[in-house]
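This report concerns only the one structure given below.
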Amino acid sequence: MTRHAQCSCGQLSLAVEGEPVRRSMCHCLECQRRTGSVFAVQARFPRDAVTITGKSTTYSRTGDSGGTATFHFCPVCSSIVYWGADAADGAMYIPVGAFADPNFPAPTVSVYGERAHPWVTIPADVEKLE
Ligand SMILES: [Zn+2]
Ligand SMILES: [Zn+2]
5 MTRHAQCSCG
15 QLSLAVEGEP
25 VRRSMCHCLE
35 CQRRTGSVFA
45 VQARFPRDAV
55 TITGKSTTYS
65 RTGDSGGTAT
75 FHFCPVCSSI
85 VYWGADAADG
95 AMYIPVGAFA
105 DPNFPAPTVS
115 VYGERAHPWV
125 TIPADVEKLE
C-alpha cells in the first residue's frame, strides 16, 4: 500500500510504502507548540519506505532526553511534513494529519499524558506510556 502525505500547499510531499511501525499520540508541551494543537499524532516508518518530493527547510531541537530531532518543513507554507530523531536511527516520523486521511489507523500508544489538557480523552484501548 502506498500512502501520500504533503504540506498545506503541496510543494513538499511524501510517498510512503507499507504500514507504519508505530503510531503514537504525544501531549508534551513541545509538540503542542510545534503543531499549534493540544496534542500531536505521528506515525513512524522506516526511512527507506519513504520517497520525498520537493524542498524542505530544517529546524533541529534537542529534547529533555538529550536526543536531537530535525524537523523538515515546507519553506513556502511552513507545514512540518516529517522528522528524524537521533534516538531512532533509520526512522522517519510523519504527522498523521499530513496524510489528510480519516481512515489512517489510530494511534496505539499515548505519551506525556501528564501534560494532556484535562478535556482530552485518551481512548481506552490506547496504551499509556510514561
Ligand atoms: Zn507547502
Ligand atoms: Zn511530544
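Its first residue numbered 5, the sequence shown is counted upward by one per residue in this note's numbering. All C-beta atoms in this analysis are idealised placements derived from N, C-alpha and C, irrespective of residue type, glycine included. Since we're looking at a predicted model, the values are computed, not measured.
Quick one: measure Cβ to Cβ for residue i and residue j, integer angstroms, because I've assumed they're closer than 8 angstroms.
i      : j     : result
Thr62  : Thr74 : 5 angstroms
Cys78  : Cys11 : 4 angstroms
Tyr116 : Cys32 : 4 angstroms
Val20  : Ala9  : 6 angstroms
Nearest to residue i by alpha carbon, out of the options?
i      : options                      : result
Arg119 : Glu134, Pro127, Ala110       : Glu134
Ser41  : Thr125, His121, Pro127       : His121
Gly58  : Arg37, Asp68, Val85, Ala44   : Val85
Val124 : Ala44, Ser60, Gly14          : Ala44
Ala53  : Met29, Phe108, Arg7          : Arg7
Ala104 : Arg37, Ser69, Gly22, Gln46   : Gln46
Ser17  : Asp68, Ser114, Pro127, Cys81 : Cys81
Pro111 : Arg38, Cys30, Thr39, Ser83   : Cys30
Just curious, the beta strand (DSSP E) that residue i is in, first and last residue?
i      : result
Leu16  : Note, Leu16: premise wrong, no beta strand (DSSP E); not H, not E.
Ile126 : Ile126 -> no beta strand (DSSP E), and no H or E assigned at all.
Pro99  : 95-99
Ser83  : It is not in any beta strand (DSSP E) - Ser83 carries neither H nor E in the DSSP assignment.
Spell out whether any CB of chain B is found under 8 angstroms from the CB atom of residue i.
i      : result
Pro127 : Within the model displayed, chain B is absent; a lone protein chain is all it includes.
What residue ranges within the segment 33-59 form continuous beta strand (DSSP E) runs of no fewer than 3 residues, ordered along the chain? 44-50, 54-57
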